[in-house]
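K.L.:
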Amino acid sequence: MIQSDASPLPAAVDELWRRRAELSPADAEARAVVVSAVDMLDGGKARVAEVSPTGEVVVDERARRAVMLAFRVLGMARSQVGDFHHHDRLPLKTSVDGVRVVPGAIARWGAYLARGVVLMPSFVDIGAHLDEGSTVDTWVSIGSCAQIGKNVHLAGGVGVGAAGGQDGAEGAKGAEGEPSRAAPAVVEDGALIGRRAVIAEGARVGRGAVVGAGTILSGSTPVVDVRTGEELGRGRVPDWCVVAGGTRRREFPGGTFGLRCVLVLERLEEGHRPGEAELDRMLHGHG
């Protein structure tokens with residue numbers, strides 16, 4: 034991960050960040066700056082992170098600061114959608130042109146949803162970015178600043194952006210109710226994340242990769258090739274492969290225990306999306 038030297042957001046965000054401890058919802062001028070910045074995230078004119086042409090995750094620190102500052106300068110407010118009443122610092126997203134939103138789906142203001150996105154009953158937090166054609170299945174939770182590529186499928190119960198899953202938005206928040214300052218979770222174009230898998234902050238899933246159901250990937254999880262036993266790195270699933278959760282044996286003074294890892298089971302040809310029977314064979318050894 035590298036930090037961007039350029040940002041479409043105003044430098045005033047950095048000045049507010051330097052004196053953030055002094056800010057409150059009473060600061061109308063600060064609130065105007067932050068609201069304008071988060072509006073740019075909401076409309077896709079800025080984003081917290083993206084993958085560069087050289088393959089690096091580039092983070093716009095100013096954009097991330099704007100997200101965190103929103104929790105400082107926005108006061109609690111009551112709102113209502115139909116029969117549902119809300120009491121929160123952040124309003125819900127209102128611009129959903131070209132997006133299919135099934136009843137029960139919740140997206141906070143500051144999350145960008147590109148045309149063709151499908152939201153089943155799920156939760157998308159401020160600063161998240163969902164690109165064209167991605168499907169968010171039932172009970173998926175997408176945390177603050179998570180980055181989801183084009184044509185990604187997040188199956189039922191997936192958690193993106195918070196280690197161990199999320200409890201609403203709070204799984205991605207610190208003690209003061211602000212989003213965590215860890216690196217954003219990134220799921221690249223064409224990836225498929227299986228049911229109940231967790232892609233935590235700081236983790237990255239490569240293009241076209243398939244992550245098996247129940248897999249937990251954090252920024253420090255070892256990723257191991259089962260054919261060679263080689264550790265390929267930590268926290269990153271390579272492009273065009275099929276992975277599942279596993280364990281590695283380690284000796285401790287108290288005995289031998291298995292520690293979590295992610296196993297690369299198969300390598301896929303670029304552009305190949307395996308069918309259900311083929312995936313079942315790869316992940317479970319039968320089918």
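Heads up, the sequence shown is in the numbering used here, so the first residue is 34 and it goes up one at a time. Glycine residues also receive a C-beta, built at the ideal position from the N, C-alpha and C atoms.
(1) Any heavy atom of the ligand NAD closer than 7 Å to the Cβ of residue 76?
(2) In the DSSP assignment, find the beta strand (DSSP E) that holds residue 258 and state where it starts and stops.
(3) Between 85, 106, 53, which lies nearest to residue 59 when the distance is taken from Cα to Cα?
(4) Are the Cβ atoms of residue 216 and residue 176 separated by less than 8 Å?
(5) When you compare the CB positions of residue 239 and residue 269, do they come within less than 8 Å of one another, or not?
(6) Could you tell me the distance, in whole angstroms, from the CA atom of residue 291 to the CA atom of residue 282?
(7) Going by other Cβ atoms of all chains shown within 10 Å of its Cβ, with 16 needed for buried, is residue 285 buried or exposed?
(8) With H, G and I counted as helix, E and B as strand and the rest as coil, what does DSSP make of residue 135?
(9) Ordered along the chain, which non-local residues of its own chain (more than five positions away) have a Cβ less than 6 Å from that of residue 181?
(10) Go to residue 121, then tell me how far its beta strand (DSSP E) extends in each direction, as first and last residue.
(11) Taking residue 112 as part of the beta strand (DSSP E), name the residues at either end of that continuous run.
(12) If we ignore side chains and look at the alpha-carbon of each, how far apart do residue 126 and residue 97 end up?
(13) Look at the Cβ atom of residue 173, then the Cβ atom of residue 224, and state whether they are nearer than 8 Å.
(14) To which residues of the same chain is residue 63 closer than 7 Å at the C-beta, ignoring the five residues directly before and after it?
(15) Near residue 316, which residues of its chain fall below 6 Å by C-beta distance, leaving aside the five closest residues on each side in sequence?
(16) Check whether the Cβ atoms of residue 146 and residue 135 lie closer than 8 Å to each other.
(17) Using C-beta distances below 6 Å, list every residue in its chain close to residue 111, excluding the 5 sequence neighbours before and after it, in chain order.
(18) Would you report the Cα separation of residue 188 and residue 170, rounded to the nearest angstrom?
(19) From the DSSP output, in three-state form, read off residue 311 for me.
(20) What residue range is occupied by the uninterrupted beta strand (DSSP E) comprising residue 296?
(21) By DSSP, does residue 191 sit in helix, in strand, or in coil?
(22) Whole angstroms is fine: what's the gap from residue 272's alpha carbon to residue 280's?
(23) Please report the distance separating the alpha-carbon of residue 144 from that of residue 102.
(24) The alpha helix (DSSP H) with residue 45 in it runs from where to where?
(25) Round the Cβ separation of residue 37 and residue 92 to the nearest angstrom and send it over; I've been treating them as touching at under 8 Å.
(26) Does DSSP put residue 69 in a helix, in a strand, or in coil?
(27) Measuring alpha carbon to alpha carbon, tell me which of 116, 139, 264, 242 ends up nearest residue 158.
P.N.:
Once the coordinates are examined:
(1) This structure lacks the ligand NAD, and indeed carries no ligand of any kind.
(2) Residue 258 -> beta strand (DSSP E) spans 255-258.
(3) Closest by alpha carbon: 106.
(4) No.
(5) Residue 239 places its beta carbon less than 8 Å from that of residue 269.
(6) So the two alpha carbons sit approximately 4 Å from each other.
(7) Counting Cβ neighbours within 10 Å, residue 285 comes out exposed, since fewer than 16 surround it.
(8) Under the three-state reduction of DSSP, residue 135 is assigned to coil, being neither helix nor strand.
(9) Only 163, 167, 220 meet the Cβ criterion.
(10) Taken as a continuous stretch (DSSP letters only), the beta strand (DSSP E) holding residue 121 covers 117-121.
(11) For residue 112, the enclosing beta strand (DSSP E) begins and ends at 110-114.
(12) Taking the straight line joining both Cα atoms gives about 18 Å.
(13) At the C-beta level, residue 173 and residue 224 stay beyond 8 Å of one another.
(14) Cβ neighbours of residue 63 beyond the five flanking positions: 49, 56, 106.
(15) So the list reads 245, 277, once near-sequence residues are dropped.
(16) Taking 8 Å as the Cβ cut-off, residue 146 and residue 135 do not qualify as a contacting pair.
(17) Excluding sequence neighbours, residue 111 sits near 120.
(18) One alpha carbon belongs to residue 188, the other to residue 170, and they sit about 5 Å apart.
(19) For residue 311, the three-state secondary structure derived from DSSP is helix.
(20) Note, residue 296: beta strand (DSSP E), 288-300.
(21) If DSSP states are grouped into helix, strand and coil, residue 191 belongs with coil.
(22) Computed Cα separation, rounded: 22 Å.
(23) So the alpha carbons of these two residues sit roughly 15 Å apart.
(24) According to the DSSP assignment, residue 45 belongs to the alpha helix (DSSP H) that extends over 45-51.
(25) Contact check for residue 37 and residue 92: beta-carbon distance about 7 Å, within the 8 Å limit, so the pair qualifies.
(26) When DSSP states are grouped into helix, strand and coil, residue 69 belongs to the helix group.
(27) Comparing Cα positions, the closest option is 139.
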